[in-house]
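Undergrad: Sequential numbering of the sequence shown, starting at 0, is according to numbering that gives the first Met the number 0.
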Amino acid sequence: MFDARLRPLIDPPLNAAGRALSRMGIGANAVTLAGLVPALGAAFAIAQGHFTLGLVLIIVNRLLDGLDGAVARASGITDFGGYLDTLADYVFYVAVPVAFGLASPVNTAPAMLLIASFTLTCASFLVFAAIAVRRGKETAAHGTKSIFYSTGLAEGAETIAAFVAMCLWPERFPLIAIGFAVLCLATVIQRSLLARQAFTPE
Numbered sequence: 000m001f002d003a004r005l006r007p008l009i010d011p012p013l014n015a016a017g018r019a020l021s022r023m024g025i026g027a028n029a030v031t032l033a034g035l036v037p038a039l040g041a042a043f044a045i046a047q048g049h050f051t052l053g054l055v056l057i058i059v060n061r062l063l064d065g066l067d068g069a070v071a072r073a074s075g076i077t078d079f080g081g082y083l084d085t086l087a088d089y090v091f092y093v094a095v096p097v098a099f100g101l102a103s104p105v106n107t108a109p110a111m112l113l114i115a116s117f118t119l120t121c122a123s124f125l126v127f128a129a130i131a132v133r134r135g136k137e138t139a140a141h142g143t144k145s146i147f148y149s150t151g152l153a154e155g156a157e158t159i160a161a162f163v164a165m166c167l168w169p170e171r172f173p174l175i176a177i178g179f180a181v182l183c184l185a186t187v188i189q190r191s192l193l194a195r196q197a198f199t200p201e
């Protein structure tokens, strides 16, 4: 919901850093793979109850996730890079709630519900993107991307805010997880209505 509005603020410094890394010969795919280390590290820390460390590693992961796109824009966007970046994103999105589910038995059911909602959100996003590209649709609302990004209520910024809240108040994980799962399901409904409007023949 807020991703497109945040792009004008975060893109200039990220693009500058991306150009610098590109000049150093560091590729976007290397940055993407490097980002998996703090993502999985955050999950391990959270599962062990080290929520502050998990929060720090989540922030590091998200910075690297922003940098890989900036490096790609500087050196050239590739289809494989887009695939790898999207896959790495969903490794992160799944690993964090799984970790909270492992951290406490009270968290197990809410974590499963959240992961299920992520799965549906992911399906709606990727299928929409595939059909939109086949129909020749384009958008730059989320910056230059290798795949079509459809807007939704629950996007990257909202997910990160939820994960940060979970780490700051881990005892409230069930409430935060259920609330965000509802937002994800609302996003699926919103995107489905948008798909019906965009893809139904007149």
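Glycine included, C-beta positions come from ideal geometry on N, C-alpha and C.
Answer with buried or exposed for Arg171, where buried requires no fewer than 16 other C-beta atoms within 10 angstroms of its C-beta.
TA: Looking at its Cβ environment, which holds fewer than 16 other Cβ atoms inside 10 Å, Arg171 is exposed.
Undergrad: Within this structure, are the beta carbons of Pro104 and Ala176 separated by less than 8 angstroms?
TA: Cβ atoms of Pro104 and Ala176: not closer than 8 angstroms.
Undergrad: Just the Cα atoms here: how many angstroms apart are Met23 and Gly68?
TA: For Met23 and Gly68, the distance between alpha carbons rounds to 16 angstroms.
Undergrad: Counting pairs of Cβ atoms below 8 angstroms between the stretch 61-76 and the stretch 116-124, do you hit three or more?
TA: The stretch 61-76 vs the stretch 116-124: no contact.
Undergrad: Pick helix, strand or coil for Gln189, following the three-state DSSP scheme.
TA: Residue state, collapsed to three classes: helix.
Undergrad: Going straight from the alpha carbon of Gln189 to that of Arg72, what length do you get?
TA: For Gln189 and Arg72, the distance between alpha carbons rounds to 30 angstroms.
Undergrad: For the alpha helix (DSSP H) containing Ala131, list its first residue and its last residue.
TA: 107-133 is the span of the alpha helix (DSSP H), which, as asked, contains Ala131.
Undergrad: Would you decide whether Phe1 is buried or exposed? Buried here means 16 or more other CB atoms lie within 10 Å of its CB.
TA: A caution first: Phe1 carries a pLDDT of 49, below 50, which makes its placement in the model unreliable, though a value can still be read off. Exposed.
Undergrad: Name the two residues that bound the continuous alpha helix (DSSP H) containing Leu152.
TA: Note, Leu152: premise wrong, no alpha helix (DSSP H); not H, not E.
Undergrad: Around the Cβ of Thr199, are there at least 16 other Cβ atoms within 10 angstroms (buried) or fewer (exposed)?
TA: Classification for Thr199: exposed.
Undergrad: If you check the beta carbons only, do Ala94 and Leu39 fall under 8 angstroms apart?
TA: Yes, the Cβ-Cβ distance between Ala94 and Leu39 is below 8 angstroms.
Undergrad: Note down, in chain order, each residue of its chain lying with its Cβ closer than 6 angstroms to the Cβ of Phe50, except the 5 sequence neighbours on either side.
TA: For Phe50, where only same-chain residues beyond five positions count, the Cβ hits under 6 angstroms are Cys166, Pro169.
Undergrad: Please classify Phe79 as buried or exposed, where buried requires at least 16 neighbouring CB atoms within 10 angstroms.
TA: Exposed, because fewer than 16 other Cβ atoms sit within 10 Å of the Cβ of Phe79.
Undergrad: How far does the alpha helix (DSSP H) with Pro169 in it extend, from its first residue to its last?
TA: That residue, Pro169, is in no alpha helix (DSSP H); it is neither H nor E in DSSP.
Undergrad: Could you name the residues of the same chain whose beta carbon sits closer than 6 angstroms to that of Cys183, not counting the 5 residues immediately before and after it, in chain order?
TA: Contacts found: Ser116, Thr120, Ala153.
Undergrad: Could you pull out every residue in the same chain whose Cβ sits closer than 6 angstroms to the Cβ of Val59, ignoring the five residues on either side in sequence?
TA: Excluding residues within five positions, the ones whose Cβ falls inside 6 angstroms are Pro37.
Undergrad: Buried or exposed for Pro11, please, with buried defined as at least 16 other CB atoms from any protein chain shown within 10 angstroms of its CB.
TA: Answer is exposed; the Cβ neighbour count stays below 16.
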